[in-house]
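> The structure that follows is given in the form of structure tokens.
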Amino acid sequence: MSVPRALFDLTGKVACVTGASSGLGRRAAVALAAAGAQVVGVARRADALQQMRDEIGGQAAAVAADITDRSGINQLAADIASPFGAPDIIIHAAGLNTREVADDVTDAGWDQTLAINLTAPFFLSQALVPAMKAKGWGRIVNFASLQTTRAFPGGIAYGATKGGIGQMTRAMAEAWSPHGINANAIGPGFFPTELTAAVFDDPDRTARNATQTCIGRNGQLDDIDGPLLFLCSDASAYVTGQILMVDGGFTAK
521 MSVPRALFDL TGKVACVTGA SSGLGRRAAV ALAAAGAQVV GVARRADALQ QMRDEIGGQA
581 AAVAADITDR SGINQLAADI ASPFGAPDII IHAAGLNTRE VADDVTDAGW DQTLAINLTA
641 PFFLSQALVP AMKAKGWGRI VNFASLQTTR AFPGGIAYGA TKGGIGQMTR AMAEAWSPHG
701 INANAIGPGF FPTELTAAVF DDPDRTARNA TQTCIGRNGQ LDDIDGPLLF LCSDASAYVT
761 GQILMVDGGF TAK
């Protein structure tokens with residue numbers, strides 16, 4: 521029996537994507553729109569968000585905001601719901617990696633990393649979940665990392681947040697999946713984005729990372745499309761509290 525395409529169809533769904541101004545967040549916005557969703561991109565850079573909106577067209581809207589401003593989270597939730605209605609899908613793709621080594625971690629670097637990578641995904645989800653509960657359907661997709669389970673040099677703050685994302689995803693599933701809201705995480709390997717520019721600017725390191733995968737290459741932006749659509753659609757109706765590593769088998773070796 522063939523799998524119905526309708527399982528992956530997001531027509532009629534509204535998706536919110538943080539970090540939509542660049543990298544995997546922008547790719548997520550484009551992929552969800554291509555699958556039929558109306559997409560609201562959230563990021564601090566209004567000009568980059570406008571470029572995303574221009575690429576997608578009328579199915580996209582943009583909200584320029586600082587997701588770490590907890591005092592404004594309810595207003596942000598209202599702004600996100602304004603263009604198309606309350607979102608059915610939330611993608612937490614915004615992220616920060618200061619790459620401070622353990623001995624040199626600063627108060628500001630630590631606090632900023634936790635605020636963007638871990639605190640904002642929880643409180644924004646908390647603000648948007650009531651509308652999902654009312655519909656009896658929702659999808660939350662957090663962004664985990666290789667550093668959810670691996671320790672990398674200069675990654676103590678970033679790794680701590682991504683380890684936290686793994687547990688938070690499970691806890692979100694425990695709390696909200698009885699209401700029809702599935703919570704999962706994608707764990708990307710090495711993809712060429714602004715966040716990983718320091719890695720891809722080093723050809724030797726880039727090549728070494730590729731050889732550490734089972735597939736033998738680093739990620740390309742469109743490698744995220746299928747896993748993301750799976751976790752955002754009815755195809756993942758019985759999948760929750762999981763971390764799907766999209767890393768070419770890096771963590772399998």
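With the first letter of the sequence shown counted as 1, position 185 gets the number 705 in our numbering; the numbers rise by one all the way through. All residues carry an ideal CB built from backbone N, CA and C; glycine is no exception.
In the DSSP assignment, the alpha helix (DSSP H) including residue 687 goes from what residue to what residue?
The residue you call residue 687 lines up with position 167 of the sequence shown. Element bounds for residue 687: 676-696.
> How should residue 608 be labelled, buried or exposed, when 16 other C-beta atoms within 10 angstroms of its C-beta is the threshold for buried?
Here residue 608 refers to the residue found at position 88 when the sequence shown is read from its first residue. Result: buried.
> By the DSSP assignment, the beta strand (DSSP E) with residue 538 in it spans what residues?
Position 18 of the sequence shown, counting from 1, holds the residue named residue 538. Counting along the chain, the beta strand (DSSP E) containing residue 538 begins and ends at 534-538.
> State yes or no: is the C-beta of residue 587 within less than 8 Å of the C-beta of residue 638?
Here residue 587 refers to the residue found at position 67 when the sequence shown is read from its first residue. Here residue 638 refers to the residue found at position 118 when the sequence shown is read from its first residue. No.
> Go through the segment 693-748 residue by residue and report every complete run of the beta strand (DSSP E) that reaches 3 residues or more, in order.
Here the runs fully enclosed are 701-708.
> For the segment 698-710 against the segment 759-768, do three or more pairs of beta-carbon atoms, one drawn from each stretch, fall closer than 8 Å, so that the two count as touching?
Yes, they touch.
> Is the separation between the beta-carbon of residue 548 and that of residue 611 shorter than 8 Å?
Position 28 of the sequence shown holds residue 548. Position 91 of the sequence shown holds residue 611. In contact: residue 548 and residue 611 (Cβ atoms closer than 8 Å).
> Helix, strand or coil for residue 592, going by three-state DSSP, please let me know.
For the purposes of this step, residue 592 is identified with residue 72 of the sequence shown, where counting begins at 1. Residue state, collapsed to three classes: helix.
> What first and last residue would you give for the alpha helix (DSSP H) that runs through residue 573?
The residue given as residue 573 occupies position 53 in the sequence shown. Taken as a continuous stretch (DSSP letters only), the alpha helix (DSSP H) holding residue 573 covers 566-576.
> When you compare only the Cα positions, how much space is there between residue 574 and residue 658?
Numbered from its first residue, the sequence shown carries residue 574 at position 54. Numbered from its first residue, the sequence shown carries residue 658 at position 138. Cα to Cα, the separation comes out at about 27 Å.
> Looking at C-alpha atoms only, which residue of 751, 556, 554 and 545 is the closest neighbour of residue 562?
Within the sequence shown, the letter at position 42 stands for residue 562. Comparing Cα-Cα distances from residue 562 to each of 751, 556, 554 and 545, the minimum goes to 545.
> Please report the straight-line C-alpha distance between residue 737 and residue 673, rounded to a whole angstrom.
For the purposes of this step, residue 737 is identified with residue 217 of the sequence shown, where counting begins at 1. For the purposes of this step, residue 673 is identified with residue 153 of the sequence shown, where counting begins at 1. Straight-line Cα distance between these residues: approximately 21 Å.
> Please confirm if the segment 691-707 is in contact with the segment 659-671, defined as three or more CB-CB distances below 8 Å between the two stretches.
The segment 691-707, when compared against the segment 659-671, does touch it at the 8 Å Cβ threshold.
> In chain order, what residues of the same chain have a beta carbon less than 7 Å from the beta carbon of residue 539, not counting five sequence neighbours either side?
Against the sequence shown, residue 539 aligns to sequence position 19. Excluding residues within five positions, the ones whose Cβ falls inside 7 Å are 545, 563, 613, 614 and 615.
> Less than 8 Å separating the beta-carbons of residue 534 and residue 606?
As a first step, residue 534 must be located in the sequence shown, where it is residue number 14. As a first step, residue 606 must be located in the sequence shown, where it is residue number 86. A contact, by the Cβ cut-off of 8 Å.
> Tell me the DSSP secondary structure of residue 610 in three-state form.
Stepping through the sequence shown from its first residue, residue 610 is reached at position 90. Three-state result, residue 610: strand.
> Given a threshold of 16 other Cβ atoms within 10 Å of its Cβ, counted over all protein chains shown, does residue 655 qualify as buried or as exposed?
Indexing the sequence shown from 1 puts residue 655 at position 135. Exposed is the call here.
> Go through its chain and collect everything with a Cβ distance to residue 752's Cβ below 6 Å, but skip five positions before and after it.
Taking the sequence shown and counting its residues from 1, the one referred to as residue 752 is at position 232. Result list for residue 752: 609 and 659, in chain order.
> For the candidate residues 550, 730 and 754, whose alpha-carbon lies nearest to that of residue 571?
Position 51 of the sequence shown, counting from 1, holds the residue named residue 571. When each option's Cα is compared against that of residue 571, the closest is 550.
> Helix, strand or coil: which one does DSSP assign to residue 543?
Residue 543 sits at position 23 when you count from the first residue of the sequence shown. Three-state result, residue 543: helix.
> Using the C-alpha atoms, what's the distance from residue 531 back to residue 557?
On the sequence shown, position 37 is the one that residue 557 refers to. On the sequence shown, position 11 is the one that residue 531 refers to. Cα to Cα, residue 557 sits roughly 5 Å from residue 531.
> Is residue 743 buried or exposed, if buried means 16 or more other CB atoms sit within 10 Å of its CB?
As a working note, residue 743 is residue 223 in the sequence shown. So residue 743 counts as buried.
> Out of curiosity, what's the CA-to-CA distance linking residue 618 and residue 702?
Locating residue 618 in the sequence shown gives position 98, counting from the first residue. Locating residue 702 in the sequence shown gives position 182, counting from the first residue. So the two alpha carbons sit approximately 30 Å from each other.
> Would the beta-carbon of residue 593 fall within 8 Å of that of residue 644?
By one-based count along the sequence shown, residue 593 stands at place 73. By one-based count along the sequence shown, residue 644 stands at place 124. For residue 593 and residue 644, yes; Cβs fall inside 8 Å.
> With DSSP collapsed to three states, give me the class of residue 625.
Locating residue 625 in the sequence shown gives position 105, counting from the first residue. Here residue 625 sits in coil by DSSP.
> Could you pull the DSSP bridge partners for residue 659 from this structure?
Within the sequence shown, residue 659 is the residue found at index 139, counting from 1. Residue 659 pairs with 609 and 702.
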